[in-house]
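These notes concern the structure reproduced below.
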Amino acid sequence: QVQPVESGGGLVQAGGSLRLSCAASGRFFSIATMGWYRQAPGKQREFVAAITSGGSTNYADSVKGRFTISRDNAKNTVYLQMNSLKPEDTAVYYCNAKLVVEYWGQGTQVTVSS
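Below, the structure written as structure tokens:
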């Protein structure tokens, strides 16, 4: 079992940067595929980025070149570095851990002002 806990959200101006962290308890973190999803008001939750246990990454087209996902297995933590933020990046960001089942964090709010 892996229980994700997100942190690092906040309010930032357009063009700014934020780094989200997801600390995941549980001894299976290193073999889990970790991902970030987001949900804006009135919209469905959407995929943002993911990183496999081997370090392969995948990004939504809307964030490619601006966001970077990484992981530190020694710290059981996955990061999302967000640069060149846009107002449309405003959402609650959720950390996801995929093993045989999926585990979700509670989310952290990111607000980008224009």
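Going by our numbering, the letters in the sequence shown line up with residues 861 to 974, in that order.
Virtual Cβ for every residue (Gly too), placed ideally from N, Cα, C.
Whole-number beta carbon distance between TYR963 and GLN899, since they are thought to touch under 8 Å: To locate residue 899, count along the sequence shown from 1; it is residue 39. To locate residue 963, count along the sequence shown from 1; it is residue 103. Going by Cβ atoms, the distance from GLN899 to TYR963 rounds to 17 Å, so no, they are not a contact pair.
Could you work out which residue in SER885, TYR953, SER944, TYR954 is closest to SER974 when comparing CA atoms only? Residue numbering aside, residue 974 sits at position 114 when the sequence shown is read from its first letter. Per the Cα distances, SER944.
Within its chain, find whatever has a CB closer than 6 Å to the CB of ALA920; leave out the 5 residues flanking it on each side and keep chain order. As a first step, residue 920 is located in the sequence shown; it is residue number 60 there, counting from the start. The answer, listed in chain order, is PHE907, VAL908.
Looking only at its chain, what residues have a beta carbon closer than 6 Å to the beta carbon of ILE911, apart from the 5 residues adjacent to it on each side? Numbered from its first residue, the sequence shown carries residue 911 at position 51. For ILE911, where only same-chain residues beyond five positions count, the Cβ hits under 6 Å are MET894, THR917, ILE929, ARG931.
Indicate the three-state DSSP secondary structure (helix, strand or coil) for ALA920 in the structure shown. Taking the first residue of the sequence shown as position 1, residue 920 is located at position 60. DSSP places ALA920 in the coil class of the three-state scheme, outside both helix and strand.
Given this structure, state the Cα-to-Cα distance separating ILE891 from GLN904, to the nearest angstrom. Taking the sequence shown and counting its residues from 1, the one referred to as residue 891 is at position 31. Taking the sequence shown and counting its residues from 1, the one referred to as residue 904 is at position 44. Taking the straight line from one Cα to the other gives about 28 Å.
Cβ atoms of GLY902 and GLN861: under 8 Å apart, would you say? Taking the sequence shown and counting its residues from 1, one reaches residue 861 at position 1. Taking the sequence shown and counting its residues from 1, one reaches residue 902 at position 42. Taking 8 Å as the Cβ cut-off, GLN861 and GLY902 do not qualify as a contacting pair.
Out of curiosity, what's the CA-to-CA distance linking ALA883 and ALA934? As a working mapping, residue 883 is identified with position 23 in the sequence shown. As a working mapping, residue 934 is identified with position 74 in the sequence shown. Their Cα atoms are separated by approximately 11 Å.
Would you report the Cα separation of VAL877 and PHE888, rounded to the nearest angstrom? Here the question's residue 877 lines up with position 17 in the sequence shown. Here the question's residue 888 lines up with position 28 in the sequence shown. Note on identity: in this sequence residue 877 is Ser, with Val being the wrong assignment. Straight-line Cα distance between these residues: approximately 30 Å.
THR971 and LEU871 - do their beta-carbons sit closer together than 8 Å? Sequence index remark: in the sequence shown, residue 871 carries index 11 (1-based). Sequence index remark: in the sequence shown, residue 971 carries index 111 (1-based). Yes, these two residues count as a Cβ contact at 8 Å.
Figure out for me which residue from LYS958, GLY967, VAL961, ASP949 has the closest Cα to the Cα of PHE927. For the purposes of this step, residue 927 is identified with residue 67 of the sequence shown, where counting begins at 1. The shortest Cα separation from PHE927 among LYS958, GLY967, VAL961, ASP949 belongs to ASP949.
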